[in-house]
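**Student:**
There are 2 protein chains.
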Amino acid sequence: MFSVSDPRTNRCFHETEYETFGLTEINDVASLIIQISLMHAKQSAAASPTSIVFTGATAPVASLGANKATHLRLQALTRYVGARSGDSRVTDNSASQVVLVVDGAVKLIASASAGRTQVMGFYFKDDFIYVPARETHAYNLCALKDCELVAFPATEFIRLAQSDKTLNNNFLSHLLRALSRCREKSLALGQKTARERVATFLVSMAERIGAPFSNGALLDLPMSRRDIGDNIGLTIETVSRQMTELRNAGLVSTSGRSQVKILDLAALKQEAGHLSGLS
Amino acid sequence: MFSVSDPRTNRCFHETEYETFGLTEINDVASLIIQISLMHAKQSAAASPTSIVFTGATAPVASLGANKATHLRLQALTRYVGARSGDSRVTDNSASQVVLVVDGAVKLIASASAGRTQVMGFYFKDDFIYVPARETHAYNLCALKDCELVAFPATEFIRLAQSDKTLNNNFLSHLLRALSRCREKSLALGQKTARERVATFLVSMAERIGAPFSNGALLDLPMSRRDIGDNIGLTIETVSRQMTELRNAGLVSTSGRSQVKILDLAALKQEAGHLSGLS
DNA sequence: GGAAGTCCTTGATCTGTATCAAATCATACG
DNA sequence: CGTATGATTTGATACAGATCAAGGACTTCC
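Heads up: the protein sequence lines correspond to chains A and B, in order.
Going by this note's numbering, the letters in the first sequence line up with residues 1 to 279, in that order.
Going by this note's numbering, the letters in the second sequence line up with residues 1001 to 1279, in that order.
This is the structure we're talking about:
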């Protein structure tokens, strides 16, 4: 029904196909989800810094805001994926997928030839991700820490969304936000200097996962310098140098590898090349 | 009801707000659309190399595939925009817009501080464009040649799409394609060399507006070298040099400023850094 | 709590593309 | 048709960020 840890790769996938289940077996499916999620929570309890909590079998799709009927049909489609930190190829890429992050953090990576990879984006709790099938380039999801994810085949998800306005709206607004963010990234990659890119990245992270703090924010970055570099089109060395400069300029302070304290968010936005004084 | 040419700027906007019209006045609106489109067709007949044809007042929204009722309500929302080549600020950016290209070619530009602009994309006949309201950066549509466009306020367009599956589907699939293309661009901007970017651009254009030709395609590029450079994050000089190298390598040939003949599309895709040998 | 390994930072040098400058070409206009 | 004008191409140089190299710090695991 599901695969367990592979000791050779130290990777652990739990994938369960529910697509073949009829709706009459929904109770079995529901209990199975609980079973798996609890098992996974147990497995990763020691390794994961964040506790994994499910309020019940309906938790994964509850945030989609779907009505009861849609809800049940969604569950029938659900491919539940629990991923351990560092897992790549969380989804198979032979068909487009819609993935919902229930908990944790993932990166979406695209591969060009010659092994170069671009991190298309980072995604956190409640984010939707559209993962296209392999085409001119290959896309893969990769867990940054222990994750709870729910994946749906894109075509069937969209078909289902047609009969549920809330779900459709939810999906649409997430897509529009994804498009806007992707365009912001294009602007950064095409026009901005290294300094501006790093500042832009920090501002974006502050807005998405930062805890408010004085005039700035507290950040606990789940991704490595390499991930950051691959995301904003810089090498790790350049990212590091720019962080140092921002620290010397008194805009941020750091402690350890992942803790970043943004001391002056407004000034950082200025560094990021954002438009000021909206008319 | 609409503004005419401004001799100082040599720009010509025709914008008509139908939002205040009630549905009972739909006939007036319909005839007005005909009137304006004909007038515009006449005005630009000499200047434009392509003839502008409307089969009737319903033509602009017919390609949306909406049912009759949706159709009428769409028309009530329609802000018809005819734009002459070089027009910028085709849409106002105080609110998000959904724009449909009925005919012509436009670019979507984003402005960072310091006057740097990034061309987010080029759009052609039947393309949808989501133009977000001004936020951290300002977005503007700009006509590459004489255009027929139809613009809708985004929020109301989406609300309308909720009650029409075809329209919704249409919009959704266009959004997904836009997201995929934007991600491809991010990959190019973040990881690819100048040579690869130019090749990628040419391949993309061949697929979208190219006429099949032998092992390649015939292209009539409506945009300048500057537009291309701003789109793929290079200067006009670098774009020019790469074009020269591709020409010397026998992959393309050019005549005039806009005519490009792709002689070997497969080889060009190789240059573009696309994945080969899909498994 | 110590060792190992990985990730990060800092320094020196190199390279691809930007920038600056000038010549040439294409297109529109008289 | 020739000419004007802006766009494109070509050449020389400069610089931001990549690459190469080494040292230092944080985690993790025993």
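Note that beta-carbon positions come from the ideal geometry of N, C-alpha and C, so glycine has one too.
#1: Should the segment 1091-1104 of chain B be regarded as contacting the segment 1118-1125 of chain B, the criterion being three or more beta carbon pairs within less than 8 Å?
#2: Going by the CB atoms, is the gap between A199/A and E245/A shorter than 8 Å?
#3: Taking the alpha-carbon of S214/A as reference, which of L189/A, D264/A, Y130/A, L149/A has the nearest alpha-carbon?
#4: What residue range does the alpha helix (DSSP H) around T244/A cover?
#5: Leaving aside the five residues before and after T1155/B along the sequence, list all residues of the same chain whose C-beta is less than 6 Å from its C-beta, in chain order.
#6: Considering only the alpha carbon of each residue, which of Y1139/B, I1158/B, F1152/B lies closest to A1112/B?
#7: Distance check for R1195/B and I1209/B, CA to CA, integer angstroms please.
#8: How about A1266/B and L1251/B: do their beta carbons lie closer than 8 Å?
#9: Give me the subset of the segment 100-128 of chain A whose CB atoms are less than 9 Å from a CB atom of chain B, sorted by chain position.
#10: For the alpha helix (DSSP H) containing M1205/B, name the first residue and the last one.
#11: Closer than 9 Å by beta-carbon distance: list the chain A residues that pair up with P1132/B, in chain order.
#12: For I209/A, return the contacting residues in chain B, with the cut-off set at a CB-CB distance below 7 Å.
#13: Can you look up S1096/B in the DSSP assignment and give me helix, strand or coil?
#14: Beta carbon of T117/A, beta carbon of H1274/B: below 8 Å?
#15: Can you name the residues that DSSP bridges to S1258/B?
#16: Under 9 Å, CB to CB, which of the residues in the segment 236-265 of chain A have a partner in chain B?
#17: Buried or exposed, going by whether 16 or more other CB atoms sit within 10 Å of the CB of E1148/B?
#18: Which chain B residues sit within Cβ distance under 7 Å of I228/A?
#19: What do you get for R226/A, buried or exposed, if any count of 16 or more other CB atoms within 10 angstroms of its CB means buried?
#20: Using the Cα positions of E15/A and I1262/B, report the straight-line distance between them to the nearest angstrom.
#21: Can you pull the chain A neighbours of S1186/B, defined as C-beta to C-beta under 7 Å?
#22: Given a limit of 7 Å on CB to CB distance, which residues of the segment 142-165 of chain A reach chain B?
#23: Mark I1036/B as exposed unless 16 or more other C-beta atoms lie within 10 angstroms of its C-beta, in which case mark it buried.
#24: Quick check: the Cα distance between N231/A and K1269/B, rounded to an integer number of angstroms?
#25: Rounded to the nearest angstrom, what separates M205/A and Q162/A at their Cα positions?
#26: In terms of alpha-carbon separation, which member of L1141/B, G1216/B, G1233/B lies closest to L1100/B?
#27: Given this structure, state the Cα-to-Cα distance separating N1169/B from I158/A, to the nearest angstrom.
#28: Which same chain residues end up closer than 6 Å to L1218/B when comparing Cβ atoms and leaving out the 5 residues on each side of it in sequence?
#29: Kindly indicate the opening and closing residues of the alpha helix (DSSP H) around A1143/B.
#30: Leaving out the 5 sequence neighbours to the left and right, which residues in its chain are closer than 6 Å to M120/A when beta-carbon positions are compared?
#31: Return the CA-CA distance between A1151/B and T235/A, expressed in angstroms with no decimal places.
#32: Does G216/A get closer than 8 Å to chain B when you measure Cβ to Cβ?
#33: With a threshold of 6 Å on Cβ separation, who are the neighbours of S173/A within its own chain once the five nearest residues in sequence on each side are excluded?
#34: Which bits of chain A does N1168/B rub up against, with CB to CB less than 8 Å?
#35: Since I believe Y130/A is in contact with L1179/B (beta carbons under 8 Å), could you give me their beta-carbon distance rounded to a whole number of angstroms?
**Tutor:** Taking the coordinates as given:
#1: yes
#2: no
#3: D264/A
#4: 236-248
#5: none
#6: Closest by C-alpha distance to A1112/B, out of Y1139/B, I1158/B, F1152/B, is Y1139/B.
#7: 21 Å
#8: Contact: no.
#9: L108, A110, S111, A112, S113, A114, R116, T117, Q118, V119, M120, G121
#10: Counting along the chain, the alpha helix (DSSP H) containing M1205/B begins and ends at 1194-1209.
#11: L176, L179, S180, R183
#12: Chain order gives no chain B residues near I209/A, where near means a beta carbon separation below 7 Å; the closest approach is about 18 Å.
#13: coil
#14: Judged by beta-carbon spacing, H1274/B lies beyond the 8 Å limit of T117/A, meaning their Cβ atoms are not closer than that value.
#15: In DSSP, S1258/B forms no bridge with anything.
#16: none
#17: Here E1148/B is buried, its C-beta having at least 16 other C-beta atoms within 10 Å.
#18: Within 7 Å Cβ-Cβ: nothing; I228/A doesn't reach chain B, min ~12 Å.
#19: exposed
#20: Model confidence at E15/A stands at a pLDDT of 33, short of 50, so the residue's coordinates are unreliable; what they give is reported in the following sentence. Between E15/A and I1262/B, the C-alpha separation is close to 45 Å.
#21: Q118, M120, C182, K185, S186, L189
#22: I158, Q162, K165
#23: With a pLDDT of 38 at I1036/B, under the threshold of 50, the modelled position of that residue is not reliable, and the figure given next carries that caveat. Buried, because 16 or more other Cβ atoms sit within 10 Å of the Cβ of I1036/B.
#24: 24 Å
#25: Note on geometry: alpha-carbon atoms of M205/A and Q162/A lie some 33 Å from one another.
#26: With distances taken between Cα atoms, L1100/B lies closest to L1141/B.
#27: 8 Å
#28: A1211, K1261
#29: Run containing A1143/B: none in the alpha helix (DSSP H); it sits in the beta strand (DSSP E), 1138-1143.
#30: L108, A110
#31: 41 Å
#32: No, G216/A does not count as interfacial toward chain B.
#33: none
#34: Result: Q162, N168.
#35: With a Cβ gap of about 6 Å, L1179/B and Y130/A count as contacting.
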